[in-house]
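Protein chains: 2
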Amino acid sequence: MTPLDLHHLPYGAIGVDESVHLAVRVGDHALDLAAAGAGTPWADALAMPTLNALLDLGPQAWAELRSWLQETLPTGALDQHLVPLADVALHLPLEVRDYVDFYASEHHASNVGAIFRPDGAALTPNWKHLPIGYHGRSSTVVVSGTDVVRPCGQRKGPQDPAPVFGPSVKLDIEAEVGFVVGGSTPVGSRVTVDEAGDHIFGVALFNDWSARDIQAWEYVPLGPFLGKSFASTLAGWITPMAALEAAKIPLPQQDPTPLPYLLGKDLYGLDLRLEVLLNGEVVSRPPYRTMYWSPTQMLAHLTVNGASLSSGDLFASGTTSGVAVDERGSLLELTWNGTEPLTLADGSSRTFLEDGDSVTIRATAPGPDGSVLTLGEVSGTIRPAV
Amino acid sequence: MTPLDLHHLPYGAIGVDESVHLAVRVGDHALDLAAAGAGTPWADALAMPTLNALLDLGPQAWAELRSWLQETLPTGALDQHLVPLADVALHLPLEVRDYVDFYASEHHASNVGAIFRPDGAALTPNWKHLPIGYHGRSSTVVVSGTDVVRPCGQRKGPQDPAPVFGPSVKLDIEAEVGFVVGGSTPVGSRVTVDEAGDHIFGVALFNDWSARDIQAWEYVPLGPFLGKSFASTLAGWITPMAALEAAKIPLPQQDPTPLPYLLGKDLYGLDLRLEVLLNGEVVSRPPYRTMYWSPTQMLAHLTVNGASLSSGDLFASGTTSGVAVDERGSLLELTWNGTEPLTLADGSSRTFLEDGDSVTIRATAPGPDGSVLTLGEVSGTIRPAV
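From first to last, the protein sequence lines stand for chains A and B. Following the UniProt record's numbering, the numbering of the first sequence begins with 1 at its first residue and continues without gaps. Following the UniProt record's numbering, the numbering of the second sequence begins with 1 at its first residue and continues without gaps.
This is how it looks when you write it as structure tokens:
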């Protein structure tokens, strides 16, 4: 195991015989935490099939566990609990409680505005004053590798006299970054920007699959519903925030200055360099560093009305899009709503996803001493509608 | 215990010593199901502090348990487990998984459209084609009797140069009916209108508190978020659908005819007669019979894209408003966004809720043989912002 392996230590859940055990990735092995953690102060939480109990223990326990792993792994005392990654199946590592999706990329929001509301301003008037978000469906968050069935639903083009029903013809991806929340708070309380760090356990790549035709017909006035709720895919390995200190960078300038509840000392962007692969070919390189809002601002906003947090909550950034055409994190933007098809290396072209298409999002981040972390990838393959 | 008591049998959760036990209401008593259910086929589920495990057992178990209660209670064999209602504290009877709020009242949607989008059509073009809905925050669903802290957030009037932050000045109620879901389904599957009945366990009154000023500023383009997520209050007693057969009535005519996936044999309205009380005074009598969409259509729509169900999911109808002014289920409508204040019996007036105000929603429904069921009420009192 290299120093970088010992620095990263992302958390996941693996199949062991007929059960699911928590695990931490150590290079090309997974450490079975249910076994390795027996007798430790975190044994009860580590014996669970999801991270929720560990998330509930809070940041001091997370730090102590991480230190113990970093000290104990090099001694070889845990080697008997290491399993080659090639031999393990990944499971969803948390029971997702409330899931909120934000909309934190200025370039994405501007592109979507220009496509869907061509006669108005690209950004809605509220966009630079608050991190826009909405609740999504937590029970359809699935782990990387899970097939995605093409959803059916209503769609209606502007010229159609009435809506029609059928499989979505505009199935899309959204390249996002998910943040896993730990530490429950009571209803009626608030988490400030500077307290948010105690509740953000880690980061995982996230694909918020979207049916653009279903979404376009349904979303006024109450927002996206069936266009999003059929599936969202989370990477199998969650990188702890503690491993991302070297990836923290200043935010883009926020103008106008946000209201005081969105300010604090702990404001940061993340230099995560995403790649979106369609059937193995890189079609986009969204730079997370361009995101407008800090994760801590998103969490402070989410709770400023007194909304409680639960261990296992998940919030995601919204689609990550840079300013360049080949940095856009959705096919909606990459093909400008299908009007500018992508040509792939095999000569085929795409506007939106076809049955059988596989999408993978991967990312790297700066690690300590000039090293480079590779985040757990998130992938999925489209199956035909049923 | 009367025949009507034995017919109704709503489910709840009560405090017993330091723990929470499931219970069924029998007239003015609560039957402790953890105690009474020992040794029965449902003992494990009945020993849990929430209904989720019972919900997971499905409709045959629900029917068998109900029959057993109806047969056993009159024998007196369970009398030792009856506790006077006055002596019990109610707890939230389910761990809410995904929570979806619909928008199924044509009168409510038309009123809101006329208030917020006066230059457009009152109903959006999609409204009569699909039951519009969105996901809400499940962790802030609280049980009747829980105080509600006035939320803070951003608001911006049309003439304001920039948003301001502070306690909501347009805190409102929404008189709704909630439907509790049982029986999990896999991601990628679909529940039809005629299968939906197997998944709708029961009905509970629901107050979806809303901060109209926060909502108005944030909701374009992704829908309501902090204007709703601070609290939603569920009645403590859930009336099983089996008790509401006599309350089922035909739906209002649906024109245009919905798409085939929204049709089936099991379409119904419910003749629930709601009353909204503000500080003890009835200010509205919303008739649920006027709702446009059947609960079975809402559930079929929710899953038509392959979204899975979990036992403990909750969906709500949206605000119940009749056509008459005094049948409107929100202060937004009753005072036409504050322009027509309500005068209360004590001589005071209201546009929106003031600190200290208490709101109760109660309802009756036709029972068997001309009897009248009284549903469990939902109430809450507004506490000042923190």
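Backbone N, C-alpha and C define an ideal beta-carbon position, used for all residues, glycine too.
Range of the contiguous beta strand (DSSP E) that encloses residue i
i: His129/A; result: Unbroken run through His129/A: none, as it is neither H nor E.
i: Phe201/B; result: 200-207
i: Val283/A; result: 281-284
i: Leu6/A; result: Counting along the chain, Leu6/A falls outside any beta strand (DSSP E), though it belongs to the alpha helix (DSSP H) covering 3-8.
i: Glu64/B; result: That residue, Glu64/B, is in no beta strand (DSSP E); its alpha helix (DSSP H) goes 59-72.
i: Phe102/B; result: 99-102
i: Thr233/A; result: 232-234
i: Ala23/B; result: 19-26
i: Leu373/B; result: 372-374
i: Val141/A; result: 141-143
Beta-bridge pairing of residue i - partner residues as DSSP gives them
i: Asp349/B; result: The displayed chain sequence assigns Ser, not Asp, to residue 349/B. Paired residues: Thr343/B.
i: Leu358/B; result: Checking the sequence, you will find Ser at residue 358/B rather than Leu. Note: Ser358/B sits in a beta bridge opposite Thr381/B.
i: Glu275/A; result: Arg362/A
i: Gln240/B; result: According to the sequence shown, residue 240/B is Pro rather than Gln. In DSSP, Pro240/B forms a bridge with Gly202/B.
i: His91/A; result: Ala13/A
i: Phe315/A; result: Val100/A, Phe179/A
i: Leu82/A; result: Leu31/A
i: Pro287/B; result: Arg273/B
i: Gln154/B; result: Phe165/B
i: Ala160/A; result: At residue 160/A the sequence reads Asp, which differs from the Ala that was named. According to DSSP, which records beta bridges pairwise, Asp160/A is partnered with nothing at all.
i: Val386/A; result: Paired residues: none, contrary to the question.
i: Tyr134/A; result: Asp101/A
i: Leu309/A; result: Bridge partners of Leu309/A: none, in fact.
i: Asp172/A; result: Ser210/A
i: Val148/B; result: Ile382/B
Interface partners of residue i on chain B, CB under 8 angstroms
i: Ala307/A; result: Arg137, Ser139, Thr140, Leu226, Ser229, Phe230
i: Ser310/A; result: Ser139
i: Gly133/A; result: Leu222, Phe225
Proximal chain B residues relative to residue i, where beta-carbon distance stays under 7 angstroms
i: Gln154/A; result: His129, Leu130, Leu259
i: Trp217/A; result: Asn126
Integer Cβ distance of residue i from residue j, believed to fall under 8 angstroms
i: Ala175/B; j: Val20/B; result: Ala175/B to Val20/B, Cβ: 27 angstroms. No contact.
i: Trp209/A; j: Ile238/A; result: The pair is not a contact, with the Cβ atoms about 20 angstroms apart (cut-off 8 angstroms).
i: Ser379/A; j: Ser358/A; result: 6 angstroms
i: Gly37/A; j: Leu46/A; result: 3 angstroms
i: Phe352/B; j: Lys170/B; result: 5 angstroms
i: Val283/B; j: Leu342/B; result: 6 angstroms
i: Val323/B; j: His107/B; result: 5 angstroms
i: Leu82/A; j: Leu31/A; result: 6 angstroms
i: Glu360/A; j: Glu377/A; result: Checking the displayed sequence, the identity of residue 360/A turns out to be Thr instead of Glu. Yes, Thr360/A and Glu377/A are in contact; Cβ-Cβ is about 5 angstroms, under 8 angstroms.
i: Pro49/A; j: Ala13/A; result: 6 angstroms
Where residue i meets chain A, residues with beta-carbon distance less than 7 angstroms
i: Thr124/B; result: Val220, Pro221
i: Pro151/B; result: Asn305, Gly306
i: Val187/B; result: Thr140, Val142, Ala231
N-terminal and C-terminal residue of the alpha helix (DSSP H) that residue i is part of
i: Glu218/A; result: 212-218
i: Pro295/B; result: 295-303
i: Phe116/B; result: 106-116
i: Val193/A; result: 193-196
i: Leu332/B; result: 331-334
i: Pro267/A; result: Contrary to the premise, residue 267/A reads as Leu rather than Pro in this sequence. Taken as a continuous stretch (DSSP letters only), Leu267/A belongs to no alpha helix (DSSP H), as it is neither H nor E.
i: Ala246/B; result: It is not in any alpha helix (DSSP H) - Ala246/B carries neither H nor E in the DSSP assignment.
i: Ala43/A; result: 43-46
Chain-ordered neighbours of residue i on chain A, where CB pairs are closer than 9 angstroms
i: Arg212/B; result: Near Arg212/B there are no residues of chain A at all, since even the closest Cβ is about 13 angstroms away, more than 9 angstroms.
i: Tyr103/B; result: Pro221, Leu222
Chain-ordered chain A contacts of residue i [CB-CB under 8 angstroms]
i: Arg97/B; result: Ser138, Ser139
i: Pro163/B; result: Asn126, His129, Leu130, Leu259
Partner residues on chain B for residue i, Cβ-Cβ distance less than 9 angstroms
i: Val20/A; result: Result: empty, since nearest Cβ-Cβ is about 17 angstroms, beyond 9 angstroms.
i: Val386/A; result: Gly188, Ser189, Arg190, Gly306
For this session: Kindly confirm or deny that the region 300-311 of chain B and the region 238-257 of chain B touch, where touching means at least three C-beta pairs closer than 8 angstroms.
Result: no
Exercise. Three or more beta-carbon pairs under 8 angstroms between the region 7-27 of chain A and the region 4-12 of chain B, yes or no?
Worked result: no
Exercise. Do the region 285-301 of chain B and the region 333-344 of chain B meet, that is, are 3 or more Cβ pairs less than 8 angstroms apart?
Worked result: no
Exercise. Is there contact between the region 224-240 of chain B and the region 142-158 of chain A, where contact requires at least three CB pairs shorter than 8 angstroms?
Worked result: no
Exercise. Does the count of Cβ pairs from the region 193-206 of chain B and the region 264-271 of chain B closer than 8 angstroms reach three?
Worked result: yes
Exercise. Counting pairs of Cβ atoms below 8 angstroms between the region 109-129 of chain A and the region 82-91 of chain A, do you hit three or more?
Worked result: Below 8 angstroms, too few C-beta pairs join the region 109-129 of chain A and the region 82-91 of chain A to call them touching: fewer than three.
Exercise. Are at least three pairs of beta-carbons, each pair with one atom in the region 212-227 of chain B and one in the region 288-295 of chain B, less than 8 angstroms apart?
Worked result: no
For this session: Tell me, please, whether the region 57-66 of chain A touches the region 176-188 of chain A by the rule of three or more beta-carbon pairs shorter than 8 angstroms.
Result: yes
Exercise. For the 8 angstroms Cβ check, are there 3 or more pairs between the region 126-143 of chain B and the region 99-113 of chain B?
Worked result: yes
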